[in-house]
Amino acid sequence: TQVEKGGYKHFMAKEIAEQPVVLGDALRHYLKADHINLPEELDFSNIERLTLVACGTAFYACSVAKYWFESLAGLPCEIDVASEFRYREPPLPKNSFALFVSQSGETADTLAALRYCKGKVAHTVAVVNVPTSSIAREADLALPILAGIEVGVASTKAFSCQLLALAVMALKAGRDRGHLSAAQAAAHMDTLRALPGLMNAALATSDEIARLAAQLAEAQDILFLGRGAMYPLALEGALKLKEISYIHAEGYASGELKHGPIALIDRTVPVIVMAPHDRLFDKTVSNMQEVMARHGKVLLVTDAKGATTAAEGTWAHLRMPEVAEPFAPILYALPAQLLAYHTAIAKGTDVDQPRNLAKSVTVE
Ligand code: G6P
Numbered sequence: 241t242q243v244e245k246g247g248y249k250h251f252m253a254k255e256i257a258e259q260p261v262v263l264g265d266a267l268r269h270y271l272k273a274d275h276i277n278l279p280e281e282l283d284f285s286n287i288e289r290l291t292l293v294a295c296g297t298a299f300y301a302c303s304v305a306k307y308w309f310e311s312l313a314g315l316p317c318e319i320d321v322a323s324e325f326r327y328r329e330p331p332l333p334k335n336s337f338a339l340f341v342s343q344s345g346e347t348a349d350t351l352a353a354l355r356y357c358k359g360k361v362a363h364t365v366a367v368v369n370v371p372t373s374s375i376a377r378e379a380d381l382a383l384p385i386l387a388g389i390e391v392g393v394a395s396t397k398a399f400s401c402q403l404l405a406l407a408v409m410a411l412k413a414g415r416d417r418g419h420l421s422a423a424q425a426a427a428h429m430d431t432l433r434a435l436p437g438l439m440n441a442a443l444a445t446s447d448e449i450a451r452l453a454a455q456l457a458e459a460q461d462i463l464f465l466g467r468g469a470m471y472p473l474a475l476e477g478a479l480k481l482k483e484i485s486y487i488h489a490e491g492y493a494s495g496e497l498k499h500g501p502i503a504l505i506d507r508t509v510p511v512i513v514m515a516p517h518d519r520l521f522d523k524t525v526s527n528m529q530e531v532m533a534r535h536g537k538v539l540l541v542t543d544a545k546g547a548t549t550a551a552e553g554t555w556a557h558l559r560m561p562e563v564a565e566p567f568a569p570i571l572y573a574l575p576a577q578l579l580a581y582h583t584a585i586a587k588g589t590d591v592d593q594p595r596n597l598a599k600s601v602t603v604e
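According to UniProt numbering, the sequence shown is numbered sequentially starting from 241.
Spelled out as structure tokens, the structure:
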């Protein structure tokens with residue numbers, strides 16, 4: 241199929257902007273009134289463990305999902321990058337599921353990891369964007385993420401749609417295991433259904449982000465901080481930025497700041513803090529203040545409540561709409577992507593075809 245840019249300068253910009261629509265499609269597919277539309281075989285009731293394996297951005301989607309499966313379903317989760325997992329010879333309980341998340345469904349290491357798990361676990365499950373792909377065909381079950389064709393090398397809409405599919409699975413696991421009441425699950429479904437609308441509001445910060453990006457483009461190193469499920473989102477924000485702007489970026493768990501990266505902080509180092517006003521907000525703010533005390537340039541990405549309490553003294557802040565826990569990472573993916581996109585534009589790099597990177601890595 242020929243896919244076009246439809247008026248956008250880059251596929252990446254188009255794919256970022258499409259997220260409210262494709263997420264809406266995925267929501268309509270997976271949530272039918274109060275019913276979760278997932279195969280019956282995917283019954284988490286007596287499962288001892290969930291293993292999630294992927295590469296790159298898909299791995300960060302798994303890393304976010306670990307927080308969800310643990311908190312919403314009380315299900316022990318193991319996550320690993322496929323290139324490590326496949327050679328570790330990890331023991332796998334028979335009574336477990338193994339999930340392989342891949343946009344292309346062709347990543348060589350992820351496919352090898354899937355082959356390793358076949359026959360060792362109750363079900364292998366593929367979470368893919370390309371339903372005809374090798375990973376989809378070889379897994380016992382394949383779930384589509386419904387993002388539509390993604391052309392930009394740096395994954396954007398596939399990431400948010402992977403998160404959505406994983407969130408819905410975590411809700412099913414929560415119900416199957418009696419960890420969530422019907423009312424709690426319904427409230428979480430409402431949160432998910434509100435996301436496309438909130439994403440439109442997040443996209444409206446694009447011009448503001450472009451202005452900040454002009455300055456971020458001058459940096460040599462940029463840190464991303466987050467706590468809880470926002471920690472893997474910080475990792476994804478750093479990956480996105482380095483992939484397309486070639487600025488060295490690292491994601492860190494806010495609480496780990498004092499165990500190393502704080503040594504790097506000075507006036508030249510922007511620190512992007514991804515922090516909705518949630519249960520852990522105050523802790524993240526105190527980490528942020530440690531950065532400001534050392535003259536680090538803080539960009540706080542938060543909501544109205546967070547901005548009111550903590551924006552003072554920061555270099556800049558961005559306001560996202562409020563989103564109920566624990567699904568904020570799906571929304572905050574958008575400012576992370578826009579920060580990478582606009583910084584790359586400011587640097588004049590090739591956004592859709594970054595040097596040395598491939599859309600799909602089918603060799604080891
Ligand atoms: C490459 C791409 C990334 C992607 C990763 C995994 O590195 O550049 O955007 O996240 O592969 O690809 P997959 O198709 O398995 O999700």
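The beta-carbon is built from N, C-alpha and C at its ideal position, and this holds for glycine as well. Everything numeric in this text was worked out from a predicted model, so none of it was measured.
Am I right that residue i and residue j are in contact with their C-beta atoms under 8 Å? What's the rounded C-beta distance?
| i | j | result |
| --- | --- | --- |
| residue 412 | residue 282 | 7 Å |
| residue 565 | residue 543 | The pair is not a contact, with the Cβ atoms about 12 Å apart (cut-off 8 Å). |
| residue 579 | residue 487 | Between residue 487 and residue 579 the Cβ distance is about 11 Å, and since that is not below 8 Å, they are no contact. |
| residue 289 | residue 330 | Not quite, the Cβ-Cβ distance comes to about 11 Å (not below 8 Å), so this is no contact. |
| residue 270 | residue 405 | 7 Å |
| residue 400 | residue 570 | 6 Å |
| residue 600 | residue 310 | Contact flag wrong, Cβ pair sits at about 30 Å. |
| residue 461 | residue 504 | 6 Å |
| residue 312 | residue 435 | Residue 312 to residue 435, Cβ: 16 Å. No contact. |
Does residue i come out as helix, strand or coil in the three-state DSSP assignment?
| i | result |
| --- | --- |
| residue 342 | strand |
| residue 255 | helix |
| residue 521 | helix |
| residue 377 | helix |
| residue 401 | helix |
| residue 565 | coil |
| residue 337 | strand |
| residue 368 | strand |
| residue 396 | coil |
| residue 510 | strand |
| residue 574 | helix |
| residue 361 | coil |
| residue 245 | coil |
| residue 302 | helix |
| residue 590 | coil |
| residue 283 | coil |
| residue 419 | coil |
| residue 536 | coil |
| residue 500 | coil |
| residue 297 | helix |
| residue 527 | helix |
Going by the DSSP bridge assignment, what does residue i pair with across the sheet?
| i | result |
| --- | --- |
| residue 493 | 466 |
| residue 318 | 291 |
| residue 558 | 541 |
| residue 384 | 368 |
| residue 461 | 488 |
| residue 271 | 276 |
Answer yes or no: do residue i and residue j have a C-beta to C-beta separation smaller than 7 Å?
| i | j | result |
| --- | --- | --- |
| residue 382 | residue 390 | no |
| residue 439 | residue 593 | no |
| residue 551 | residue 540 | yes |
| residue 577 | residue 480 | yes |
| residue 255 | residue 392 | yes |
| residue 357 | residue 321 | no |
| residue 207 | residue 484 | Because residue 207 is not part of the residues shown, which for the chain are 241 to 604, the question remains open. |
| residue 287 | residue 306 | no |
| residue 340 | residue 385 | no |
| residue 443 | residue 572 | no |
| residue 602 | residue 425 | no |
| query | Would you call the stretch 414-434 and the stretch 317-337 in contact, with 3 or more CB pairs under 8 Å? | reply | These segments do not touch.
| said: So, does the stretch 490-509 touch the stretch 585-601, judging by three or more C-beta pairs under 8 Å? | reply: Segments in contact, no.
| request: Evaluate contact between the stretch 579-588 and the stretch 331-341, counting only Cβ atoms and requiring at least three cross-stretch pairs below 8 Å. | output: No, the stretch 579-588 is not in contact with the stretch 331-341.
| Do the stretch 456-466 and the stretch 499-515 meet, that is, are 3 or more Cβ pairs less than 8 Å apart? | In short, these stretches touch, since the Cβ pair count reaches three.
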